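Numbering (UniProt numbering), first residue to last: 1 to 590.
We put the CB at the ideal spot given by N, CA and C, even for glycine.
These numbers come from a predicted model, not from an experiment.
Contents: one structure, followed by commentary.
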């Protein structure tokens, strides 16, 4: 019995020693392996280029700086996601809406277009004989002419000779009636009337100058000759348009084509007569698609007896009772959408309990009222930014995330090749990355100096609205003077200092380009870039004033463009009187 007790004791001691010797090391191995797994999952990024993500430490392939451990894993955000603070949300008045389905029945499709001459009512006044214009009675384009009105008198050597032939043939008409008849017919081909021919024959006098009368009534849209010009037979003299009816040409995207048909009623409005609605019907739908714009032309014929519509005038149309088979559609507010010219994007709030956002590309359908139909990219229940979208996009750009003008993330240039992007380059080795989570803290004096620049920008904008290129150039020069007075030494913070250096150069470049040209179109092109950089400056530093960021989707050849305003009312600097109220408020900067 004692023998078995000894054996059991030895076994117990052996088990105890085994646990002591191997149990702890097993735990240590487990812990060690856990750490190894953690290290394996660690991603490394560049403080200056946060779009760089590598599984191991090393150098940044862009700037060569040492990579640092990525912090995105610790807060649970994916590569394309970024976060804003509650303070930033309140400061930029960022609001979101949950996407839901709506019913399109009874709504309207809104189209934008332009007035053109009715080509079917146009005429070209030509000369039926060659000669020199002795007198031209039409002084300018836009002049009204009436059928039978004297337009010009022409000296024609060949017509002079033909009259002499008539006088000779008249004396031989009894003996050579065929010759006489041929000479008269020759003059008729040159549009001389029977009375004119008979008068020449009766008076036996040759006329040196012959009149040219208007064959139609209308408005002279183009003068093709000047007094003293020598013209050939059949050469056009004037283009005359009858503006009693005009065409309104609208662009229709290919996904909208099936919604329209010939004879459909259309309500047309203009900025010139904002309180009036004009009725018309679809007269023609172009069967050929424009491969560049991916649109077709829809034409409406409008009665214009009161000359309300002018060729070149911008108009909008609402088409009611669109056939949609009463189907439900996914729709979002127009304020949620940002356009790049090639893509349409919105910003998703990925977590209902956190202020985390991510860019999402969408494919849009018809514009129905103030909303767009969504064909691809969103689901019912998604939460999207509907106010302050511009600020959220700026935050994405600053953090190197996917954004409106950079679908792959990373740095967005501040020059002409980028749009409203911030330059994240910095001469400092340490991270100088600035988020839009909250405005950079700067002195009141710096804000006052920036506000002086902003005020001159507003004067420049107002000059563009008035289409006053001379004042625009002068305001740009004054803006440059105000910009030179901004004291960069007031920015003690390196982040603020580096961002202002980048923005100041771009603002100066755009303003200089505006000051050096008197071409209003060129000034507006540079104004787009000036606006993008000044918007970023106002967002980052503030001007101690409420500022409105406004957007017109039709500016810059339908690529869209932004500008700053002190008032909520939209007054468009890119079109002036042609389309004064085109646009909407995209953001309010407090």
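Residue range of the unbroken alpha helix (DSSP H) whose run includes residue 284: Per DSSP, residue 284 belongs to no alpha helix (DSSP H); it is in the beta strand (DSSP E), 278 to 285.
Would you kindly work out how many angstroms separate the C-alpha atoms of residue 78 and residue 549, rounded to a whole number? 30 angstroms
Would the beta-carbon of residue 506 fall within 7 angstroms of that of residue 478? no
Beta-carbon spacing of residue 159, residue 129 below 7 angstroms: yes
Could you tell me whether the region 109 to 129 touches the region 233 to 247, where touching means 3 or more Cβ pairs closer than 8 angstroms? yes
For residue 586, count the other beta carbons within 10 Å of its own beta carbon; 16 or more makes it buried, fewer makes it exposed. Which is it? buried
Sufficient close CB pairs (3 or more, under 8 angstroms) joining the region 328 to 340 to the region 369 to 381: yes
Cβ-Cβ distance between residue 214 and residue 126 below 7 angstroms: no
Proximity of residue 552 and residue 576 at Cβ, strictly below 7 angstroms: no
Nearest-angstrom Cα distance between residue 416 and residue 339? Low confidence applies here, because residue 416 scores a pLDDT of 33, under 50, leaving its location unreliable; read the following figure in that light. Each residue's Cα considered, the two are about 16 angstroms apart.
Proximity below 7 angstroms, CB of residue 301 to CB of residue 245: yes
Quick test of the definition: if touching needs 3 or more C-beta pairs under 8 angstroms, does the region 276 to 283 touch the region 260 to 267? yes
Going by DSSP in three states, residue 317 sits in which element: helix, strand or coil? strand
Which same chain residues end up closer than 7 angstroms to residue 286 when comparing Cβ atoms and leaving out the 5 residues on each side of it in sequence? 296 and 297
Tell me the start and end of each unbroken alpha helix (DSSP H) in the UniProt domain "DUF3347" (453 to 545) that is at least 4 residues and wholly inside, in chain order. 469 to 484, 494 to 515 and 520 to 541
Which residue wins for smallest C-alpha separation from residue 555, given the options 172, 469, 525 and 396? 525
For residue 184, does the three-state DSSP call read helix, strand or coil? helix
Could you check what DSSP says for residue 568 in three-state terms: helix, strand or coil? coil
Buried or exposed: residue 492, going by 16 or more other Cβ atoms within 10 Å of its Cβ? exposed
For a test of the three-state rule: what should DSSP assign to residue 451, helix, strand or coil? helix
Helix, strand or coil at residue 575 according to DSSP, with G and I counted as helix: coil
Cβ-based neighbour list, residue 487, same chain, cut-off 8 angstroms, excluding 5 preceding and 5 following: 445, 446 and 449
Taking the alpha carbon of residue 69 as the reference point, which residue from 80, 504, 55 and 349 has its own alpha carbon closest? 55
How about residue 573 and residue 442: do their beta carbons lie closer than 7 angstroms? no
Alpha carbon to alpha carbon, how far is residue 272 from residue 529? Give it in angstroms, no decimals. 29 angstroms
Residue 335 (DSSP reduced to helix, strand or coil): helix
As assigned by DSSP and simplified to three states, the class of residue 253: strand
DSSP on residue 392, reduced to helix/strand/coil? helix
What number of angstroms, rounded off, separates the C-alpha of residue 504 from the C-alpha of residue 84? 26 angstroms
DSSP on residue 288, reduced to helix/strand/coil? coil
CB-CB length for residue 382 against residue 99, believed under 8 angstroms: 5 angstroms
Could you name the residues that DSSP lists as bridge partners for residue 359? 347
Could you check whether residue 349 and residue 82 sit closer than 7 angstroms to each other, using their CB atoms as the reference points? no
Are residue 317 and residue 252 closer than 7 angstroms when you measure CB to CB? no
Member of 537, 471 and 110 whose CA lies at the smallest distance from the CA of residue 270: 110
If you count every other CB in all the chains shown that lies within 10 Å of the CB of residue 454, and 16 or more means buried, which is it? buried
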